[in-house]
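In what follows, a structure is listed as structure tokens, so that the remarks can point back to it.
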Amino acid sequence: MKLEDYPCTVLLADDEEDIRDVLRISLSDMGYKVYSAQNGEEALQIFQTVMPMIVITDIKMPGMDGIELLKKIKRENPDTEVIMITGHGDMELAIKSLKYKAVDFITKPINVDALEISVSRAREKVIMKQKLQEYTENLERLIQEKTELQDHLSSLGLMIGSISHGIKGLLTGLDGGMYLLNTGFSTENSDRIREGWDIVRFMVERIRKMILDILFYAKKRELNWEQINAVGFADDVARVVEPKIKNHGIEFVRDFEESVGGLEIDAGYIHAAMVNILDNAVDACLKDKSKDSHKIVFSVRQAENFILFDISDNGIGMKQETVEKLFRLFFSTKGSKGTGFGLFISNQIIQQHGGSISVKSSPNKGTTFTIRIPKILPESAKADSQTI
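Taking this note's numbering, the leading residue of the sequence shown gets 1, the next gets one more, and so forth.
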């Protein structure tokens, strides 16, 4: 914006009506919007209402004088520039006003040219400060964006380095499966064909999941907020994972409080997060060889203004030191079978909804994940968490 495009308002304070009228007309002719007051108290009230760019005040006025008005204005808005009007015998007061951050002073009788120069300089100073503030804010924003980009690129670099070994292992597994398929077909060995196909299918699924996790983490997405019924939503999640759970001979229990009502979320992302945690519960049960039977309980309940989703299993459990690392990027309890993305991303999703995930676990006893999500996230918080 050019200098002449910045709007400029001037507040004029003087107890002499004739001087006020002359200055008001002169300033209006110069293109300024002028407010006038006959004393310091009235000037302060007008200042607090309109927040003018420049204040011109007589030093000597009954009641609140110009020096006191100057100090109050600077306390309320240091960016407002104040020009003092002085008489011939007020030079000491004029110098004192400069100590209190007055931008200039002009003497009576007031010369219109001197007035125009003084006000123009004050205006330029205000505008320069505004521009400096804008530049500073833009610079801070650019630095923040650069930092976020560097962090993101750094994480992606770590990610690529971290999973490269895993990808090689997957490709080796695929080669092994393909070898079994080829030799099985050539020798018409159905057992070998079946074994090779199982390996290929398993490896393809692992690669698919890894790629989806990478894409999820690498790209920012806007959240799609919608009001949903919590129990109906949990039921949809349960229907997705229940066949897999029961296929492994694990008991699956739904414990939903029907009265919990609704909540506002991005259903797609929360659904993905919960399915991931339920998948982990299945894996925990399958890894546990110390029990004859296993059970996963998926519950929904309300606590004040939050909906709580509990996912409990009686699987292998974890030590506290493992629990503390669960949501770190690239950390996996599954060794070479895991990517280290799932729980990290799930936690990111829940946090973007103003929620949290807590974990209680004991070795050989089982684990409980508690997902806590506010029923309604304030609009201001939504704006801060608009992308993942």
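Glycine included, C-beta positions come from ideal geometry on N, C-alpha and C.
Terminal residues of the beta strand (DSSP E) in which residue i lies
i, result
"residue 328", "No beta strand (DSSP E) holds residue 328; DSSP gives it neither H nor E."
"residue 251", "251-256"
Bridge-paired residues (DSSP) for residue i
i, result
"residue 227", "264"
"residue 84", "57 and 105"
"residue 312", "297 and 368"
"residue 11", "35 and 55"
"residue 202", "Note: residue 202 sits in no beta bridge, so no partner."
"residue 303", "306"
Endpoints, the alpha helix (DSSP H) within which residue i is located
i, result
"residue 360", "Residue 360 -> not in any alpha helix (DSSP H); beta strand (DSSP E) instead, spanning 356-362."
"residue 321", "320-323"
"residue 349", "342-352"
"residue 377", "Premise fails: residue 377 is in no alpha helix (DSSP H) and is neither H nor E."
"residue 76", "66-76"
"residue 18", "17-29"
"residue 97", "91-99"
Distance, residue j Cα to residue i Cα
i, j, result
"residue 73", "residue 102", "10 Å"
"residue 346", "residue 258", "25 Å"
"residue 24", "residue 350", "60 Å"
"residue 16", "residue 49", "23 Å"
"residue 134", "residue 100", "26 Å"
"residue 261", "residue 136", "46 Å"
"residue 18", "residue 38", "11 Å"
"residue 52", "residue 77", "10 Å"
"residue 83", "residue 105", "5 Å"
"residue 372", "residue 245", "23 Å"
"residue 247", "residue 187", "32 Å"
"residue 189", "residue 276", "37 Å"
"residue 342", "residue 273", "8 Å"
Cβ-based burial, residue i [other Cβ within 10 Å; buried from 16]
i, result
"residue 377", "buried"
"residue 303", "exposed"
"residue 140", "exposed"
"residue 290", "exposed"
"residue 222", "exposed"
"residue 352", "buried"
"residue 280", "buried"
"residue 237", "buried"
"residue 185", "exposed"
"residue 266", "buried"
Beta-carbon proximity check, residue i vs residue j, cutoff 8 Å
i, j, result
"residue 36", "residue 12", "yes"
"residue 197", "residue 174", "no"
"residue 306", "residue 363", "no"
"residue 366", "residue 315", "yes"
"residue 284", "residue 310", "no"
"residue 81", "residue 122", "yes"
"residue 127", "residue 108", "no"
"residue 394", "residue 297", "As displayed, the chain neither begins before 1 nor continues past 388, which places residue 394 out of reach and without an answer."
"residue 57", "residue 69", "yes"
"residue 97", "residue 46", "no"
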